[in-house]
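Those letters in the sequence shown? Residues 234 to 545, by full-length UniProt numbering.
Cβ coordinates follow ideal geometry from the N, Cα and C atoms, glycine included.
Single-structure report; data block below.
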Amino acid sequence: PERASGADWTGTGGTSDGHRVKILANVGAAADATTAVSRGAEGVGLFRTEFCYLAASDEPDVATQRAAYAEVLRPFAGRPVVVRTLDAGADKPLGFLNTAEEPNPALGVRGLRIAFDNPGVLDRQLEAIAAAADDSGAEVSVMAPMVATAEEAGWFTERARAVGIGRAGVMVEVPAAALAARELVEAVDFVSIGTNDLAQYVFAADRQLGALAELNDPWQPALLRLIELIGRAGTDTGRPVGVCGEAAADPLLARVLVGLGVSSLSMVATAVPAVGGALAASTHQQCARAAEAALAAPNPGRARAATREALE
Ligand code: PEP
Ligand code: MG
């Protein structure tokens, strides 16, 4: 079936023939975490920590951060949670970090870039995350946003290891990072594709502009080709490749992503049952065929149609 209801979704993600794919939730606050558990998410693939501080005018101290993170992590004791370090700047400016005027904030000093001049901010956050992991019992990994090179990825991984965090990864949201997929994946324990920003930067189309929504469509074959590149790097090296952008919440596209080598999907919690159910209704080979069909299409509409046909 093209779209399963999710009614028989069991909470262990994968295809009908047993190819395992983790079905995870995106969260920004404790209330989201509770919803995610109730919808059957296996864990969290993206905890947007900057949402805790959108109103803060000063950097919260380590104890304050630790308490805020532990509250979100607690419902996931014993389960995997990927905590993203502050993704400040562009559409999410933070009062205590983004102080300089920039002509193009989306292309400015945002995400991990802020930490290159302020490593203390990152180190204090990593320390708070490590402590919150102990407090909550969640299996915590950390992930950096807006990484452009494998070198930056390696720099982040070292800082995470320095505070005792065992698993560190990066988001793939910058086209340069996707094009260097192999080196990038080898510098970390895992990567997760942020399709919202990756689409914005691949198509040079502001993700906040409704007028450019067609270019920001995650079914654009050019975007899928970049995802294929990253998926292959993951498959070749045995390192996990996830998707945590809105694309993962589309039950049809989720199967294309799995066919491209993606091994975890993280989405808004309400989409978990439908995506988990849709995946459970397809074989791994059907996903591979769907991916091939979508990649060969000339535009998003034809990619959707070709995928539906491949899954019949
Ligand atoms: C993304 O860019 O796809 C992503 C998941 O991060 P955010 O939406 O928080 O920028
Ligand atoms: Mg992003």
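**Prompt:** Just to check, is the beta-carbon of Glu406 closer than 7 Å to a non-hydrogen atom of the ligand MG?
**Reply:** For the ligand MG, a non-hydrogen atom lies closer than 7 Å to the CB of Glu406.
**Asked** For Pro378, is the beta carbon positioned less than 7 Å from some heavy atom of the ligand MG?
**Response** For the ligand MG, at least one heavy atom lies less than 7 Å from the Cβ of Pro378.
**Bridge-paired residues (DSSP) for Phe423** = Answer by DSSP bridge pairing, in chain order: Gly402.
**Asked** If you draw a straight line from the alpha carbon of Leu345 to that of Glu545, how long is it in whole angstroms?
**Response** Looking at the two C-alpha atoms, the distance is approximately 43 Å.
**Asked** Asn532: buried (16+ other C-beta within 10 angstroms of its C-beta) or exposed?
**Response** Flag for Asn532 reads exposed.
**Asked** Under 7 Å from any heavy atom of the ligand PEP, does the C-beta of Leu279 make it?
**Response** Yes.
**Prompt:** Considering only the beta carbon of each residue, do Arg392 and Leu355 sit closer than 8 Å?
**Reply:** Closer than 8 Å, so yes.
**Message:** Suppose you measure from the CA of Ala264 to the CA of Arg272; what does that come to, to the nearest Å?
**Reply:** Near 13 Å, if we compare the C-alpha coordinates of Arg272 and Ala264.
**Prompt:** Using the beta-carbon count (16 or more within 10 Å), is Gly311 buried or exposed?
**Reply:** With fewer than 16 other Cβ atoms from the protein chains shown falling within 10 Å of its own Cβ, Gly311 counts as exposed.
**Prompt:** Is the beta carbon of Cys477 within less than 7 Å of some heavy atom of the ligand PEP?
**Reply:** Cys477 Cβ: within cutoff of the ligand PEP.
**Request:** Check whether the stretch 481-497 touches the stretch 440-448, counting contact only when three or more Cβ pairs, one atom from each stretch, lie closer than 8 Å.
**Result:** Verdict: no, contact absent.
**Prompt:** Does the count of Cβ pairs from the stretch 355-365 and the stretch 299-306 closer than 8 Å reach three?
**Reply:** In short, these stretches touch, since the Cβ pair count reaches three.
**Request:** With a threshold of 7 Å, establish whether the CB of Gly322 neighbours any heavy atom of the ligand MG.
**Result:** Every heavy atom of the ligand MG is 7 Å or more from the Cβ of Gly322, so no.
**Message:** How far does the beta strand (DSSP E) with Leu279 in it extend, from its first residue to its last?
**Reply:** Looking at the DSSP string, the run of the beta strand (DSSP E) that includes Leu279 is Val277 to Arg281.
**Asked** Expressed to the nearest angstrom, what Euclidean distance is found between the alpha-carbon atoms of Arg535 and Cys520?
**Response** Distance between the alpha carbons of Arg535 and Cys520: 17 Å.
**Prompt:** Below 8 Å between beta carbons: does that hold for Ile426 and Gly478?
**Reply:** Between Ile426 and Gly478, the C-beta gap is smaller than 8 Å, which places the two residues in contact.
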